[in-house]
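Beneath this line is the structure, given in structure tokens, with notes to follow.
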Amino acid sequence: MTLKKKISMTVNGQLVNAEIEPRRHLVDYLREDLHLKGAHLGCEQGACGACVKEVDGQIICGCLFLTVQADGSVVETVEGLKKMAFSLLCKSQSCVTTRCSVDFALLECY
Ligand code: FES
2 MTLKKKISMT VNGQLVNAEI EPRRHLVDYL REDLHLKGAH LGCEQGACGA CVKEVDGQII
62 CGCLFLTVQA DGSVVETVEG LKKMAFSLLC KSQSCVTTRC SVDFALLECY
């Protein structure tokens with residue numbers, strides 16, 4: 002029997018509540034449960050950077066960071082940064098929608 006822990010965090014500006022197995026890594030939770038697939042698993046040893054996330058303003062390796070450690074935190078993923086960058090770009094200058102769509106489509110990581 003695995004005991005789960007209730008947590009809540011803000012992911013890309015949205016409050017998320019979950020019950021998590023204590024040993025589950027943040028990158029797995031974000032990819033599998035929240036379908037935020039921008040981060041990937043590579044080395045799973047904190048060396049390659051494929052799993053990088055921002056938690057409370059700190060850059061962390063999602064492969065070494067447990068989801069329960071993010072309880073009460075603000076988490077940003079590349080998907081959130083994409084949305085923010087798109088918004089800022091389109092607000093700050095005249096935006097050619099097709100060009101923006103192409104540029105930001107390149108940031109999609111599936
Ligand atoms: S998967 Fe390589 S640093 Fe996390």
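Whatever position you read off the sequence shown (first residue = 1), add 1 for this note's numbering.
Heads up, the beta-carbon is just placed ideally off N, CA and C, and yes, glycines get one too.
As assigned by DSSP and simplified to three states, the class of residue i
| i | result |
| --- | --- |
| residue 61 | strand |
| residue 26 | strand |
| residue 80 | helix |
| residue 110 | For residue 110, the predicted structure reports a pLDDT of 42, less than 50, and the residue's modelled location is therefore unreliable. A value from the coordinates is still provided. If DSSP states are grouped into helix, strand and coil, residue 110 belongs with coil. |
| residue 45 | coil |
| residue 19 | strand |
| residue 103 | Any reading at residue 103 must be qualified, since the residue scores a pLDDT of 46, below 50, and its modelled position is unreliable; the value itself is stated next. In the structure shown, residue 103 sits in a helix (DSSP, three-state: H, G or I). |
Distance cut-off 8 Å: residue i Cβ against heavy atoms of ligand 1
| i | result |
| --- | --- |
| residue 46 | yes |
| residue 65 | yes |
| residue 31 | no |
Presumed contact (8 Å Cβ cut-off) between residue i and residue j, rounded CB distance
| i | j | result |
| --- | --- | --- |
| residue 5 | residue 22 | 6 Å |
| residue 40 | residue 48 | The pair is not a contact, with the Cβ atoms about 15 Å apart (cut-off 8 Å). |
Check whether residue i and residue j have beta carbons under 9 Å apart
| i | j | result |
| --- | --- | --- |
| residue 63 | residue 31 | yes |
Environment of residue i [buried if 16+ CB atoms lie within 10 Å]
| i | result |
| --- | --- |
| residue 61 | buried |
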